[in-house]
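The opening residue of the sequence shown carries number 1 in this note's numbering; numbering runs sequentially from there.
Using N, Cα and C, we set each Cβ at its ideal position, and we do this for glycine too.
Just so we're clear, the structure is a prediction, and the values are computed from it rather than from any experiment.
What follows is one structure encoded as structure tokens, with my remarks underneath.
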Amino acid sequence: MKSGRQQKGESHETKFISFCSKNKIKCIYLDANTEKKKKYLKDQQGKSPDFLCQKNNKSIFVEIKTHTLLTNEARNSKMLKTIKAKKSLGLSGTTIFEPFDPLPELKGVFEGYLRGASKKFKNIKDKYSFQRVLLLDGIQIEEIDICRIFLGKLLDVDRNTYIKKEKGLLDSTGSNVSAIVYWAENLNQYRGIQNPKARILLSEIDFKNFFEVFTNKSVIG
1 MKSGRQQKGE
11 SHETKFISFC
21 SKNKIKCIYL
31 DANTEKKKKY
41 LKDQQGKSPD
51 FLCQKNNKSI
61 FVEIKTHTLL
71 TNEARNSKML
81 KTIKAKKSLG
91 LSGTTIFEPF
101 DPLPELKGVF
111 EGYLRGASKK
121 FKNIKDKYSF
131 QRVLLLDGIQ
141 IEEIDICRIF
151 LGKLLDVDRN
161 TYIKKEKGLL
171 DSTGSNVSAI
181 VYWAENLNQY
191 RGIQNPKARI
201 LLSEIDFKNF
211 FEVFTNKSVI
221 G
């Protein structure tokens with residue numbers, strides 16, 4: 001039997017396939033296609049990105065990572081253990097946990113997603129220089145925090161622009177990832193963070209081609 005987290009991950013992949021279908025994007029489930037893996041991958045037995053997407057004579061590789069926790073594994077396990085212990089005593093299990101800053105903990109989780117995706121994209125044959133997108137789903141933090149984690153940038157409220165304040169994940173790893181894309185629930189649209197150190201950049205035009213279907217605003221940057 002599949003775990004709840006596996007089921008949630010698969011539901012997000014299904015949601016993305018539906019998104020592609022509605023927006024006339026050809027979506028090939030690369031990881032389950034032996035013929036395509038032989039064509040595109042250096043090592044067919046190695047790790048593969050989830051999808052190859054094509055639209056308007058353009059192609060991109062997409063790896064989906066579904067975030068299923070509010071925090072990291074260690075804290076999540078501790079929280080679940082506390083709830084389970086209460087229920088074993090016949091209590092409801094309802095618990096108010098101490099406040100914590102999720103950013104230092106989520107940075108480690110997101111780094112795992114980034115390194116995992118980068119490793120899969122590295123297995124693509126060199127002649128296929130399509131952009132490579134890490135699509136994060138299930139994200140429940142604000143855009144300002146995502147920019148801080150991946151780019152090390154904070155919002156300057158007075159100037160309404162992001163400024164570099166610290167080292168972000170993209171400063172040290174993930175050069176095989178062209179961009180981070182995620183679904184912003186509050187805006188009902190995809191948002192994008194371009195990787196400034198990517199070997200293959202995702203252009204604003206290509207972002208719009210695949211992900212900007214509900215708005216004319218530019219969001220890659």
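- Residue burial is scored here from C-beta neighbours: Q140 has fewer than 16 other C-beta atoms within 10 angstroms and is therefore classed as exposed.
- Between K164 and G152, the C-beta gap is smaller than 9 Å, which places the two residues in contact.
- Looking only at Y29, L134, N176, the smallest Cα-Cα distance to I193 is reached by L134.
- With 16 or more other Cβ atoms inside 10 Å of its own Cβ, Y190 counts as buried.
- E63: member of the beta strand (DSSP E) spanning 58-66, first to last residue.
- Within a 10 Å sphere around the beta-carbon of R148 sit 16 or more other beta-carbons, which makes this residue buried.
- By the neighbour-count definition (other C-beta atoms within 10 Å, threshold 16), Y29 is an exposed residue.
- Rounded to whole angstroms, the Cβ separation of W183 and D137 is 6 Å, and the two are in contact under 8 Å.
- At least 9 Å separates the beta-carbon of F51 from that of E35.
- In this chain, the alpha helix (DSSP H) harbouring L151 covers 143-151.
- Cβ contact annotation for F16 (same chain, cutoff 8 Å, sequence separation greater than five): C27, F51, V62, I64, L135, D137, in chain order.
- In the DSSP assignment, I205 falls within the unbroken alpha helix (DSSP H) covering 204-211.
- Shortest Cα-Cα distance from K197 to any of G46, E212, S178 involves S178.
- C-alpha of N209 to C-alpha of Q131: approximately 12 Å in a straight line.
- Cβ atoms of L187 and N123 stay farther apart than 8 Å, at about 33 Å.
- In this structure, the beta-carbon distance from L114 to L201 does not fall below 9 Å.
- In the structure shown, the three-state DSSP call for V109 is helix.
- In this model, A85 and I25 are separated by some 48 Å (Cα to Cα).
- Distance from the CA of D206 to the CA of T68, rounded to the nearest whole angstrom, comes to 28 Å.
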